[in-house]
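Read in order, the letters of the sequence shown correspond to residues 43 to 603 in my numbering.
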Amino acid sequence: MRTAILLLICCALFVTQRISAQAIDWLHHYGEPGGLRVSGGFRLAADGEGHVFAAGEFFGSDFDLGGVQFVSDDDDWALLKYDAAGNLLWARHILSTCWYSDLVDIRDLDYDPVNEQIVVTGYYSAPQQFPIDTLWGGCLEESYFGFVVCFDTEGNTLWAKQITGGQISIMETSIASDGSVHVFGISRYGSATFQESPILSTPQGSFHAVYSSTGMLNSAQHLSGSAVDVYGGAVCADGSLVLCGWIKQAGSILGEPFAPSEGDTAAFVLKSDTSGSNIDWIDVLPSTASASTGKCIILPNGPIIIAGGFQDDVIVQSDTLQSPAGISNGFITAIQLDGEIRWVRQLESTGVGGYASALDYDGADQLYLSTGYTGEMRLGGTIELPSVAQRNGLIARIDTLGNWQAACVMGGTYRGNFVSIGPDGLFFSCGYDSTWTMGTTTVPYPVGSNELYRTFLIIGKLDSLSGFTGISTMPLQQEGGLHIYANPNKGTCTIDLPDQLQLTPGLVLNIVDQNGQLVQRVPVVYSPQGVAIDIRAQARGIYHVELSDGRQRYTGKIVFE
C-alpha cells in the first residue's frame with residue numbers, strides 16, 4: 043500500500059554515532075597458560091548450515107582445544123570445525139618436519155557447497171605431512187613452496203598438491219560454480235612448477251592455476267611479470283576473471299602493457315574476457331605514494347567488491363582519497379561488471395590500518411569486512427571508532443549501496459582479523475597479545491615465561507552485528523531533525539527537502555522500530571515530477587528513521603497514524 047507522507051527537514055542534523063553493546067553468542071580463547079604462538083586470527087569459512095571451519099598456523103605446547111591437545115616444536119597448522127553452538131566437532135593437526143627452517147602461512151580457506159569440501163591454500167618451507175601424502179619442502183629460509191589441500195567435511199584429506207619454485211606465495215583462492223579451484227599466486231624468484239604429470243611451469247611473476255574438484259590440474263597460466271603483482275582474484279559466472287593488485291613499475295598483464303600514471307605505483311582492477319586470456323577492461327587507481335588492491339568478491343550479477351589500501355592518496359575515478367602524510371588507510375569500492383565504479387568508501391585511520399583482511403557477503407544486500415588499525419578510525423565521515431588498545435580490530439557492515447550500517451571494535455588484537463557469515467550470526471577470529479576486549483567482554487592475557495609464546499587465539503560468534511547504530515540514543519526533536527507523518531488511507535506523497543541535502547543516486551531512507559530492528563530500506567526516487575519515497579504502511583506508532591547515502595545523514599522519526 044502506498045502511504046502518503048509529508049517530509050519536513052528544517053535543518054541538517056549531523057551526529058557522531060555511538061557504540062552499543064555487542065552480543066557474543068560464544069567465544070573460545072586459546073593460549074593459557076602461555077605456551078602458544080599464532081601469527082594472527084584463523085581464517086574462517088562457514089558452510090551455510092551453522093558450522094564454521096577455521097584454519098591457521100601455530101607453534102607451541104599449549105594449544106589446548108578442550109580434550110584435544112596439539113603440541114608443535116615447529117610451525118605447524120590446524121584445521122578445526124565448530125557447530126553453531128561453538129562445540130568443537132573435530133580438529134586436524136598438520137605437522138611440519140624440519141627443525142632448522144620451518145615456515146608455514148595459511149593464505150586462504152574456502153568452502154565448496156556443491157561438493158561439500160574445504161580447500162586450504164598457503165605456502166611452506168618444511169615438509170607437510172598428510173595421511174594420504176607428504177608435500178616435500180626444501181627446509182631453506184629463502185625458499186618456500188605453495189600448497190593446495192582439499193578436505194571433506196569430516197576432516198579427511200582428499201587430495202594435496204604443491205607448487206614449487208624459489209619463493210611461491212599463494213595470494214587468494216576462488217571456487218567456481220562447478221567446484222573448480224582457482225588459485226592465484228606469485229613466483230618471486232624463477233618459475234613456478236606444478237608437480238603434475240606432465241609437469242607444467244609458468245615464468246617468474248603472477249600465475250593462475252585451475253584444479254578440478256578432484257585435484258586434477260586443468261591449467262596453469264602466466265598473468266604478469268615481476269613489475270605487476272596480482273594480489274587478489276575471483277571467477278565470474280561466465281568464466282571471466284577479475285584480478286586486482288599492485289603496479290610497481292611499467293610492465294604488462296595478460297600481455298597488455300601499462301604503467302602507473304601518477305607517482306611510482308598504482309593499484310588496479312581488471313576483468314578479462316571469458317577466455318581468461320585478454321583484458322575486457324582495466325581500472326588503474328594511481329597514487330603519488332603507493333596504493334594496492336587485494337581482497338575481491340563478486341556478487342551475483344555484480345557489482346565486484348574490492349578492498350584496498352593506500353598511503354597519502356589514491357585516485358578512484360573522480361574521487362581522491364587522502365590520508366595524513368606517511369599514514370596508510372584502507373578503502374572499499376564497488377565496480378560494475380562493465381568496469382564503471384559505483385562508489386568508494388575510505389576507512390580513515392589516524393594511525394595505520396583499514397586494509398580489509400576479510401570480505402564476506404550475506405546473499406542479500408549486506409557486506410562484512412574485518413581489519414585492524416591503530417589510533418582512531420572513522421567510517422563515512424560520521425562513525426567514529428575509538429582506540430581501545432595499542433592495536434585494534436574492526437568488524438564492520440556496509441550495504442551494497444555503500445552505506446555504513448554497523449561496526450564493533452576489539453582491543454588487544456594481533457595481526458589478521460577474519461570474519462565469515464553464518465545463517466544466524468557472524469563468526470570471527472583474531473590473535474591477541476594483550477588483554478582482549480569487545481564491549482564489556484574481557485579475556486585476560488596470560489604472560490608466558492618464553493618470549494616466543496606470547497600471541498594467542500580468539501574464535502567466536504556474534505549473534506548479530508548491531509554495533510554502531512546510534513539511532514535509539516538520538517533526541518527526537520520537534521525541529522532540526524527528520525520528521526515524517528504518514529497516513530495509509532491517502533495515496534499521495536509530498537516531500538519537502540532542504541537546500542543542504544544533496545540528491546545523490548544512493549540516497550536511502552531506513553526505518554527502524556523501537557527494538558532497533560530494520561523494518562524497511564527504501565531508495566529515494568527521482569523523476570521529472572519530483573522526488574518520491576514509496577513506503578509500506580506499518581503498525582501505528584513512532585519509528586526511527588535515517589536518510590543517508592553514506593556521506594550525508596539526517597535522522598529523526600516517522601509517525602504512522
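Note that the Cβ used here is the ideal one computed from N, Cα and C, for glycine as well.
Check: Helix, strand or coil for His-31? Go by DSSP, reduced to three states.; Outcome: For residue 31 there is no data in the structure shown, the boundaries of the chain being 43 and 603.
Check: Please tell me whether Leu-296 and Ile-321 are closer than 7 Å, where the distance is taken between their beta carbons.; Outcome: yes
Check: Please report how far the alpha carbon of Gln-408 lies from the alpha carbon of Ile-289, in whole angstroms.; Outcome: 30 Å
Check: Below 8 Å on the Cβ atoms is my contact criterion, and I expect Gly-344 with Ser-334 to pass it. Report the Cβ-Cβ distance as a whole number of Å.; Outcome: Not quite, the Cβ-Cβ distance comes to about 22 Å (not below 8 Å), so this is no contact.
Check: Fully enclosed by the region 345-404, which beta strand (DSSP E) runs are 3 residues long or longer?; Outcome: 346-353, 355-358, 361-364, 370-377, 383-391, 400-403
Check: Using DSSP with H/G/I as helix, E/B as strand and the rest coil, what is Lys-290?; Outcome: coil
Check: What three-state label does DSSP hand Trp-178 in the structure shown?; Outcome: coil
Check: Between Asp-194, Asp-144, Val-161, which lies nearest to Phe-187 when the distance is taken from Cα to Cα?; Outcome: Asp-144
Check: Can you tell me whether Cys-472 is helix, strand or coil according to DSSP?; Outcome: strand
Check: What runs of the beta strand (DSSP E), each 3 residues or longer, lie entirely inside the region 149-236?; Outcome: 159-166, 170-172, 175-177, 187-194, 199-206, 210-217, 223-229, 234-236
Check: Give the straight-line distance between the Cα atoms of Glu-32 and Ser-429, rounded to the nearest whole angstrom.; Outcome: Given that the chain is displayed from residue 43 to residue 603, the structure contains no residue 32 and the question cannot be resolved.
Check: Nearest to Gly-281 by alpha carbon, out of Val-311, Ser-255, Ser-317?; Outcome: Ser-317
Check: What are the boundary residues of the beta strand (DSSP E) that Gly-414 is part of?; Outcome: 408-415
Check: What residues in its chain sit with their C-beta under 6 Å from that of Leu-312, if we drop five residues either side in the sequence?; Outcome: Leu-285, Ile-321, Ile-324
Check: Could you name the residues that DSSP lists as bridge partners for Glu-99?; Outcome: Trp-119
Check: Are the region 203-221 and the region 145-156 touching by the rule of at least three beta carbon pairs closer than 8 Å?; Outcome: yes
Check: What's the call for Ile-174, buried or exposed, on a 16-neighbour Cβ count within 10 Å?; Outcome: exposed
Check: I'd like to confirm the pairing. Which residues does DSSP put opposite Pro-328 in its beta bridges?; Outcome: Ala-308
Check: Please report the distance separating the alpha-carbon of Phe-300 from that of Thr-482.; Outcome: 51 Å
Check: What's the gap between the Cα of Ile-357 and the Cα of Thr-479?; Outcome: 36 Å
Check: Have a look at Gly-257, Arg-457, Arg-496 and flag the residue whose alpha-carbon is nearest the alpha-carbon of Phe-101.; Outcome: Arg-496
Check: Tell me which same chain residues have a C-beta within less than 6 Å of the C-beta of Thr-511, skipping the five on either side of it?; Outcome: The pLDDT assigned to Thr-511 is 38, lower than 50, so where the model puts this residue is not dependable; a value taken from the coordinates is nonetheless given after this. Closer than 6 Å at Cβ, skipping near neighbours: no residue.
Check: Just checking my contact of His-224 with Gly-275 at CB under 8 Å: how many whole Å lie between their CB atoms?; Outcome: 7 Å
Check: Are there 16 or more other CB atoms within 10 angstroms of the CB of Ala-265, so buried, or fewer, so exposed?; Outcome: Sequence check: residue 265 is Leu here, not Ala. By the neighbour-count rule (16 or more Cβ atoms within 10 Å), Leu-265 is buried.
Check: Select from Glu-91, Gly-73, Val-80 the residue whose C-alpha is nearest the C-alpha of Gly-467.; Outcome: Glu-91
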